[in-house]
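These notes concern the structure reproduced below.
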Amino acid sequence: MKTHNVDSKGFYGEFGGAFIPEMLYPNVEELRNNYLKISSSKSFKNEFNKLLKDYVGRPTPLYFAKRLSEKYNTKIYLKREDLCHTGAHKINNTIGQILLAKKLGKKRIIAETGAGQHGVATATVCALMGIKCIIYMGEVDIKRQAPNVARMKMLGAEVRPATSGSKTLKDATNEAIRDWINNPVNTHYIIGSVVGPHPYPDMVARFQSVIGEETINQLQEIENKSKPDYVIACVGGGSNAAGLFYPFLDNFDVKIICVEAAGKGIDTGESAATSILGKTGIIHGSKTLLMQSNDGQITEPYSISAGLDYPGIGPMHANLFKSKRGEFISITDIDAMKWGLILSQTEGIIPAIETSHAFAVLDKKKFKPNDIIVFNCSGRGDKDLDTYIEYFKL
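This is the structure:
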């Protein structure tokens with residue numbers, strides 16, 4: 004049977020792999036040889052699950068959005084990752100990776116961040132474990148995500164600005180990879196999304212799969228049915244989406260919708276809709292769909308949301324697109340911002356702007372009255388209040 008999971012060489016169909024400089028090979032090989040063995044051990048699972056329960060606050064609720072469901076005449080559920088400690092799904096992965104780093108004897112952690120949520124989650128687990136933490140963040144993102152920068156510093160992390168290129172997520176990732184090359188022995192790089200060289204996309208997806216697994220159990224309890232009709236999530240790198248989709252990848256009764264950032268419009272030159280604008284290429288050690296010029300230079304993405312402002316998508320999602328297993332829908336800044344207000348005023352939940360993109364699908368696609376739709380409500384809007392204030396003149 005054809006699977007949409009990763010194969011033994013780290014590929015999802017034609018996408019994935021580990022295209023890395025020779026100096027990084029020992030680091031990546033060490034991870035590849037150990038991540039499954041360590042993460043499937045009983046002691047690791049016990050510690051991981053205990054922290055998810057007692058520290059993160061899992062399981063997160065699966066909330067029936069009554070007013071939204073009535074308005075759109077369908078059954079809409081929100082997987083409330085915004086209620087996790089630190090305000091987003093990112094903490095699931097950072098807890099898994101910090102435990103893995105400890106088992107591998109690493110004394111120093113580096114990470115990249117765009118919207119700042121992964122940076123906060125990484126700084127949080129480093130404080131929890133007493134490990135040195137350095138976060139790379141684009142200069143532009145440092146300005147637009149100031150509250151998260153302050154949180155990282157409060158948690159004891161050093162925030163280093165990336166000042167090259169577009170000064171956003173791509174450039175922060177470049178800086179983190181340079182650091183890792185220079186400090187290969189004592190450093191673990193906690194990648195925040197399902198991107199990068201194998202085994203990162205698979206490892207991050209596995210740590211985030213708790214989202215989808217909980218959804219199955221909760222739906223069984225609420226609806227007496229373990230499978231939704233649709234699972235919907237925003238996709239930049241795509242770890243929140245991978246976490247929700249993971250248990251359903253090969254279950255064709257469940258339809259998958261990936262929502263990308265169209266920015267100011269697909270054809271404006273200011274967009275991050277990789278499925279439409281991207282071609283096969285290599286970025287940050289992985290073969291995937293990537294926005295690039297005719298001569299292979301990476302083109303600058305744009306989105307009002309810092310977390311979707313990335314020129315590629317993870318290889319899992321690239322394969323979902325290419326194989327047509329997932330439906331991709333692109334949402335503009337205007338529609339995403341509008342949905343930030345709609346969700347706030349219809350359900351009393353202020354979403355991260357990344358998450359707002361996903362909800363805008365309700366205006367683009369018609370659902371049946373008995374359809375069960377699960378949205379990954381991947382993050383809280385606190386970090387984006389300045390952007391909301393400026394945009395709506397609140």
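Just so we're aligned, residue 4 is where the sequence shown starts under the working numbering, counting upward by one.
Where a beta carbon is used, it is the ideal one built from N, C-alpha and C, also for glycine.
Residue span of the beta strand (DSSP E) that contains residue i, given as start and end
i: Gly343; result: Taken as a continuous stretch (DSSP letters only), Gly343 belongs to no beta strand (DSSP E), being part of the alpha helix (DSSP H) at Asp336 to Glu350.
i: Ala264; result: Lys258 to Gly266
i: Ala114; result: Arg111 to Thr116
i: Ser46; result: Counting along the chain, Ser46 falls outside any beta strand (DSSP E), though it belongs to the alpha helix (DSSP H) covering Lys45 to Leu54.
i: Cys87; result: That residue, Cys87, is in no beta strand (DSSP E); it is neither H nor E in DSSP.
i: Phe378; result: Ile375 to Cys380
i: Met294; result: It is not in any beta strand (DSSP E) - Met294 carries neither H nor E in the DSSP assignment.
i: Tyr139; result: Lys135 to Gly141
i: Lys282; result: Lys282 to Ile286
First through last residue of the alpha helix (DSSP H) which encompasses residue i
i: Asp33; result: Here residue 33 turns out to be Glu, not Asp, going by the sequence shown. From DSSP, the alpha helix (DSSP H) with Glu33 extends over Tyr28 to Ser42.
i: Thr77; result: That residue, Thr77, is in no alpha helix (DSSP H); it is neither H nor E in DSSP.
i: Phe67; result: No alpha helix (DSSP H) contains Phe67, which is instead part of the beta strand (DSSP E) from Leu65 to Phe67.
i: Lys93; result: Lys93 to Lys106
i: Val123; result: Gln120 to Met132
i: Lys369; result: First-last for Lys369: undefined, no H or E at that position.
i: Asn8; result: First-last for Asn8: undefined, no H or E at that position.
i: Phe362; result: Ile356 to Phe362
i: Ala275; result: Looking at the DSSP string, Ala275 is not in any alpha helix (DSSP H), and its letter there is neither H nor E.
i: Phe395; result: Leu388 to Phe395
i: Lys325; result: Pro318 to Lys325
Rounded distance between the beta-carbons of residue j and residue i, thought under 8 Å
i: Ala175; j: Ala165; result: 4 Å
i: Met155; j: Gly122; result: 5 Å
i: Ala68; j: Glu357; result: Contact doesn't hold; Cβ gap of about 18 Å is too wide.
i: Ile286; j: Gly315; result: 5 Å
i: Leu34; j: Pro202; result: 6 Å
i: Asp385; j: Pro150; result: 7 Å
i: Gly19; j: Ser289; result: 6 Å
i: Ile375; j: Glu330; result: That belief does not hold up - the Cβ atoms of Ile375 and Glu330 are roughly 17 Å apart, past 8 Å.
i: Ala236; j: Ala361; result: 6 Å
i: Gly77; j: Lys341; result: Checking the displayed sequence, the identity of residue 77 turns out to be Thr instead of Gly. The pair is not a contact, with the Cβ atoms about 19 Å apart (cut-off 8 Å).
i: Ala179; j: Ala114; result: 7 Å
i: Lys267; j: Thr171; result: Not a contact, Cβ separation roughly 15 Å.
i: Thr283; j: Leu292; result: 6 Å
i: Ile23; j: Pro200; result: 5 Å
i: Val262; j: Ile332; result: 5 Å
For residue j and residue i, the rounded distance between their alpha carbons
i: Ser42; j: His88; result: 22 Å
i: Asn95; j: Ile269; result: 32 Å
i: Gly343; j: Gln211; result: 24 Å
i: Ala265; j: Gly168; result: 20 Å
i: Tyr38; j: Leu397; result: 47 Å
i: Val9; j: Val234; result: 20 Å
i: Val213; j: Tyr75; result: 28 Å
i: Met157; j: Asn36; result: 35 Å
i: Ile98; j: Val128; result: 6 Å
i: Ala2; j: Pro250; result: Nothing can be reported for residue 2, as the shown portion of the chain is limited to 4 through 397.
i: Gln148; j: Gly119; result: 6 Å
i: Glu25; j: His92; result: 33 Å
i: Ile392; j: Thr6; result: 44 Å
i: Asp389; j: Arg383; result: 13 Å
i: Asp182; j: Arg111; result: 11 Å
i: Arg83; j: Tyr66; result: 7 Å
i: Phe324; j: Asn227; result: 31 Å
i: Asn177; j: Thr271; result: 26 Å
i: Asp232; j: Gly133; result: 43 Å
i: Thr125; j: Tyr394; result: 29 Å
i: Phe3; j: Leu346; result: One cannot answer for residue 3 here, as it falls past the ends of the chain, which runs 4 to 397.
i: Ser72; j: Leu365; result: 10 Å
i: Lys327; j: Leu252; result: 12 Å
i: Gly79; j: Tyr28; result: The sequence given here has Ile at residue 79, not Gly. Their Cα atoms are separated by approximately 45 Å.
i: Lys56; j: Asn49; result: 11 Å
i: Ala339; j: Val152; result: 24 Å
Residue i beta carbon near the ligand NAD (any heavy atom closer than 7 Å)
i: Leu54; result: Among the components of this structure there are no ligands whatsoever, and the ligand NAD is therefore not found.
Completely contained beta strand (DSSP E) runs for the region 194 to 255, where each covers 3 or more residues: 233 to 237, all fully within the region 194 to 255.
Taking contact to mean 3 or more Cβ pairs, one atom from each stretch, closer than 8 Å, check whether the region 311 to 321 and the region 6 to 18 are in contact. Touching, per the Cβ criterion.
Please list the segments of the beta strand (DSSP E) lying wholly inside the region 158 to 187, counting only runs of 3 or more residues, in order along the chain. Uninterrupted beta strand (DSSP E) stretches at least 3 residues long and entirely within the region 158 to 187 occur at 161 to 165, given in chain order.
Contact the region 95 to 106 vs the region 180 to 197: 3+ CB pairs below 8 Å: At 8 Å Cβ cutoff, the stretches touch.
Measuring CB atoms only, is the region 178 to 186 touching the region 267 to 276, in the sense that at least three cross pairs come out at less than 8 Å? The answer is no - the region 267 to 276 does not touch the region 178 to 186, with fewer than three Cβ pairs under 8 Å.
Kindly confirm or deny that the region 132 to 143 and the region 195 to 206 touch, where touching means at least three C-beta pairs closer than 8 Å. Taking a cut-off of 8 Å for Cβ pairs, the region 132 to 143 and the region 195 to 206 do not touch, as fewer than three such pairs fall below it.
Pairs of beta-carbons, one from the region 246 to 264 and one from the region 363 to 379, closer than 8 Å: are there three or more? In short, these stretches touch, since the Cβ pair count reaches three.
At least 3 beta-carbon pairs within less than 8 Å: the region 294 to 307 vs the region 213 to 229: Contact fails: fewer than three Cβ-Cβ distances are below 8 Å.
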